[in-house]
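As structure tokens, the structure follows; a few thoughts come after it.
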Amino acid sequence: MGNYIVAGSKDRKAYFFNKSGKLLWSYETGDSVSSVAISSDGNYIVAGSKDRKAYFFNRSGELLWSYETGDSVSSVAISSDRKYVTIGAGSRLYYVATHPIDTLSSLIKEKSHKLSPNLISHFNSKLESVKRTIKMRKYEKAQIEAENLADEIKRAEELYEKAKNKIDNLKALVNEAETIGYKVEPPIAFKLFEEGKYEEAIEKAEESYNAMVNAVNRYKEAKQLMDELIEKVEGEEVYLSKEYKEQYNKALKLFENGEYDKSIKILKFLLYFKLGMKSISPSELMEFIEYEEEIGISRLEFKPNITIDLKEKELIFNHWSKVSLEVRNDGNVIAKDIIINFFGDVKVKGLTELTLKPKSKKLIELDIKPTALGNIPLDVEITYIGLSDEKLRKTQTIRINVKTEATTPYQELTPAEFTPKPLSTTSIPPELAVNYKNIELIGQGGFARVFKAVRVKDNLPVAIKIPISLDSATGKSFIKELENWTKLNHPNIVKVYDYNILPIPYFEMELCDESLDEYLKRKKILDVKEASYLIFNIAEGLKYAHSLNIIHKDLKPHNILLKNGIPKISDWGLSKVLTQSTSTTRGALTPYYASPEQFSKKFGKIDCYTDIWQLGVIFYQLTTGKLPFEGDDFIDLMTSITTEEPIHPKELNPDIPKETENIILKCLNKNPKDRYQTMLELQRDLATYLQISFKEELNKSISINDFSKSAFYCGELFLVYLKINDGVNAYKFCGDLINHAKGEIKNDLIKLKEMIKYRVENKLPIPNEIISSAEVIVHKIKLGFDRE
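Numbering follows my numbering, in which position 392 of the sequence shown is assigned residue number 395; successive positions increment by one, without gaps.
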């Protein structure tokens, strides 16, 4: 120990002496040597130079390696175990193995339990290469190779940990998938991981994970739909049409082959159809129509079609005759609860409720007694239920020849049989009927009957409303009260096409799908977003009417009709007209939607605030499924409306946001001055909630590249901003909507955008004409018109 001395000099050299001072060797570096060190056994020397390098020698003066730092070396030291050299350079400290071969060998052995055998073999091969370089005395090159190998091992370990995490997640997903019955082929990422190809394994694991998450979700959705459909058709297999079964079996095969998206489309179509077209929301209906187009089948293929044929048409006046009635179902879906009613100059016995399988017929025996002579028409109403539990109705006219026979004694009619009858409840008078075809009774209330028909002159489908009472006072008051309605022309108001008192009082109006009352009876309670958008658009129609100083005063779900999901206000004062008729009663009116001022003048006069109250009652009912005020009788109800506060909607439906609850309760303030003062005020508060909801849905659809939904919500936002007179935002979303259209629709939107721009720049309000045009264009885009 202490037998050798090492020294560094400004002449760029490191000197090595024995203790007698004899120079054993020297080594020239690239700059002055600022620091030197020798191991305790004198076998190894290190020198630090200002050329940014540390040099490591054995006692014989053989350079084993050099290590380049980023700055001039100011200090060096050798650890007591001689395994490491510490180098100080600038502000950094370096820790370098003196014998990289030993260090690397230990490192490879340490990692062999986790890294793949392929990688360990690869690292050992590189280690042998380093050893060969050392034997060739190329120490600096060996040091670089050793450092590179160490870095490669470190990088491999980092990739291993990342890959292992991805593989573990993927394995967990595979186990989950197999648990629910989803068949999984072993992902390629597993093999790559075992082979030590960690980067590729990470990439493939991520791809497989994302693809499997989507596939598993689609599998779950398809499985749920399949289970739900199986439950719906259980026990009815015998009644399913051939076409329905074909589509059902096709969906099952696609499911088994893993084609879940295609399977889901067919299953949703079949399920929506089985549930009944009237039991789904407007957005679901749009989805249903898309499925129809994509699958290439139509809901019309799955309808029963009932017809009847009276086999004996030569009958005897005022005489009971036994006849055979053939009832046929020419459709390809079961018809249940078939009820047949005869109207006109005839008495019928023996009618029973029937069920008919598709493409089948049945003969039933009836007793018929004609009560008029000649070739007389019999109006027949047939109601039945299809596979989708949809109530269907059709009418048919059968003509019979009625005569007297000399051999048959004359049979007088009984007093009951001779009682004058009102007009047929399923047909309209012949003198009016000549203007229409395909006439069908679709509804009857306390005031009127409603028929749907096609106008002969232009093939326009219309609804015809005829008051039940036909006394002398009805005609004049009927026309007088329709005067206000005919002044209204707005997308959210049912259009009146024609009206007259001849040949009987009637009016002809826009044909809609159903009333909000019917829709609510099926849905029980509406999603808050759907309810808010309905109220927003009803308010749009009322805003227009109020601008003409017309108020409705009788808003209720029965008077709101739906057409393609768009609400339209009906019965503008009709109920009031009909109550003037001598045959109607006070009981025909409902007070549940009446405002406090309609009961007592102390609350103020009946004004636009009355419509706001009634709209609040409807909003409350749509979102909670209950009315805000109830009572055992008229007095109780009036007391409740004028003195009590309603239960807060959120207590009945926790899903109602607080801001929406506040809107409903503001509409229901007893004092009209505490309610919204205009429909626009109400719309602006509703728009705040709808904007947030629609923007969330828009962003979600954009993130998953669902262009049809992004077009849908972009259109909704465009219309909302137009209706609250926010031209700036309407202009923005009009621009976005242009990207979803082409052809004439795109040109129309570009023109509309310029019109909005002009009104924004000149600070002009948005007129109803622009809103109406926008409604038509957005509707076409939603249905896929002019889109690729």
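We put the CB at the ideal spot given by N, CA and C, even for glycine.
Residue i classed as buried or exposed, judged by whether at least 16 other C-beta atoms fall within 10 angstroms
i      : result
ARG95  : exposed
PHE19  : buried
VAL779 : exposed
PRO631 : buried
ASN321 : buried
LYS785 : buried
PRO768 : exposed
THR627 : buried
TRP323 : exposed
THR32  : buried
TYR522 : buried
ARG158 : exposed
ILE666 : buried
PHE196 : buried
LEU416 : Summary for LEU416: the model assigns pLDDT 39, below 50, so the residue's position carries little reliability; its value from the coordinates is reported in the next sentence. By the neighbour-count rule (16 or more Cβ atoms within 10 Å), LEU416 is not buried but exposed.
SER535 : buried
LEU463 : exposed
GLN601 : buried
PHE272 : buried
LYS306 : buried
GLU384 : buried
GLN250 : buried
DSSP-derived helix/strand/coil call for residue i
i      : result
GLU772 : helix
VAL620 : helix
GLU647 : coil
SER12  : coil
TRP575 : coil
ARG55  : coil
THR136 : helix
PRO470 : strand
SER803 : As displayed, the chain neither begins before 4 nor continues past 791, which places residue 803 out of reach and without an answer.
ALA690 : helix
LYS268 : helix
TYR679 : coil
GLU368 : strand
PHE632 : coil
ALA597 : coil
LEU27  : strand
ASN503 : strand
ASP84  : coil
ASP340 : strand
HIS604 : Checking the sequence, you will find Lys at residue 604 rather than His. Helix.
THR89  : strand
LYS653 : helix
ARG62  : coil
ARG508 : Correcting the residue type first, residue 508 is Pro in the shown sequence and not Arg. PRO508: coil per DSSP, three-state reduction.
GLN414 : In this predicted model, GLN414 has a pLDDT of only 42, less than 50, meaning its place in the structure is not dependable; the value taken from the coordinates is given anyway. DSSP places GLN414 in coil when its eight states are reduced to three.
ASN492 : coil
Option nearest residue i by Cα separation, candidates the options
i      : options                           : result
ALA456 : GLU434, ASP84 and GLU511          : GLU511
LEU67  : ASP34, LEU685, LYS134 and LEU110  : LYS134
LYS174 : GLY261, VAL219 and PRO190         : PRO190
GLU533 : ASN46, ASP658, SER124 and GLN227  : ASP658
ILE727 : LYS144, LEU689 and TYR98          : LEU689
ALA40  : TYR7, THR72 and GLY24             : TYR7
GLY389 : VAL336, TYR58, LEU537 and ARG402  : VAL336
ILE748 : ASN540, VAL781 and LEU381         : VAL781
GLU315 : ASP501, PRO599, GLN624 and ASN404 : ASN404
ILE538 : LEU176, ASN438, LYS117 and ILE572 : ILE572
ALA714 : PRO594, ASN495, ALA744 and LEU130 : ALA744
SER776 : ARG85, TYR30 and LEU755           : LEU755
VAL326 : GLY334, ASP312 and VAL99          : ASP312
LEU359 : ASP154, ILE342, TYR222 and ALA166 : ILE342
Cross-strand partners of residue i (DSSP beta bridge)
i      : result
LEU184 : The sequence as given places Gly at residue 184; Leu does not occur at that position. Per DSSP, none; premise fails for GLY184.
PRO373 : VAL349
VAL400 : The amino acid occupying residue 400 in the given sequence is Thr; Val does not appear at that position. Paired residues: ASP382.
GLN146 : In DSSP, GLN146 forms no bridge with anything.
GLY446 : VAL453
LEU359 : ALA338
(request) At 3 residues or longer, and completely inside the stretch 306-335: list those beta strand (DSSP E) runs for me, N to C. (result) Counting only runs of 3 or more, we get 309-313, 317-319 and 324-332.
(message) Going residue by residue through the stretch 710-755, where are the continuous alpha helix (DSSP H) segments of at least 4 residues, counting only ones entirely within it?
(response) Along the length of the stretch 710-755, whole alpha helix (DSSP H) runs at least 4 residues long occupy 710-726 and 730-741, reported in chain order.
(message) To test your reading of the DSSP string, which unbroken alpha helix (DSSP H) runs of 4 or more residues are found completely within the stretch 166-228?
(response) With a minimum length of 4 residues, the continuous alpha helix (DSSP H) runs that stay inside the stretch 166-228 are 191-197.
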